[in-house]
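Q: With the working numbering, the residue at position 54 of the sequence shown is 54, and numbering never jumps. In this text, a Cβ means the ideal position worked out from N, Cα and C, and glycines have one as well. Below: one structure in structure tokens.
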Amino acid sequence: MAQTLVNVRMDEELKRDFDTVCNELGMNMTTAIIIFAKKVTREKRIPFDVAIDPFYSDSNMKALQRSKEQLAGGQVVVKSLDELEDMANG
Numbered sequence: 001m002a003q004t005l006v007n008v009r010m011d012e013e014l015k016r017d018f019d020t021v022c023n024e025l026g027m028n029m030t031t032a033i034i035i036f037a038k039k040v041t042r043e044k045r046i047p048f049d050v051a052i053d054p055f056y057s058d059s060n061m062k063a064l065q066r067s068k069e070q071l072a073g074g075q076v077v078v079k080s081l082d083e084l085e086d087m088a089n090g
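Here is the structure:
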């Protein structure tokens with residue numbers, strides 16, 4: 001079967017992390033991408049959920065930024081259980 005070259009651009013850190021995980025799984029990135037392509041082709045769908053993680057909502061990011069600022073200012077960051085649960089639930 002003839003082969004073709006596919007170029008993929010990604011962030012350098014993402015590539016490094018992806019390569020590390022692939023190596024830990026005993027494969028290279030090319031094999032991982034081929035596995036993904038075969039599964040997509042066979043199932044006619046993306047083989048995992050593609051969704052926005054509610055943790056990364058604007059309100060959570062603002063709360064995390066405030067906490068980072070408190071830490072940088074030498075303050076102790078205190079969150080109530082309700083605040084943490086709200087962050088976990090988006």
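Hey, how far is the Cα of L25 from the Cα of D11?
A: Taking the straight line joining both Cα atoms gives about 21 Å.
Q: With distances taken Cα to Cα, identify the nearest neighbour of L84 among N60, T30, V6, T41.
A: Here the closest residue by C-alpha is N60.
Q: Cutting at 6 Å between CB atoms, please list the residues of its own chain near M87, excluding the five before and the five after it.
A: The answer, listed in chain order, is N60.
Q: What residue range does the alpha helix (DSSP H) around R66 cover?
A: Where R66 is concerned, the enclosing alpha helix (DSSP H) stretches over 58-72.
Q: Compute the distance between the beta-carbons of F18 and M27, then report whether it is under 8 Å.
A: No, the pair does not count as a contact, with Cβ atoms beyond the cut-off.
Q: Under the three-state reduction of DSSP, which class applies to L25: helix, strand or coil?
A: Three-state DSSP puts L25 in coil, outside helix and strand.
Q: Just to confirm the assignment, what range does the alpha helix (DSSP H) spanning L84 have?
A: L84 -> alpha helix (DSSP H) spans 81-89.
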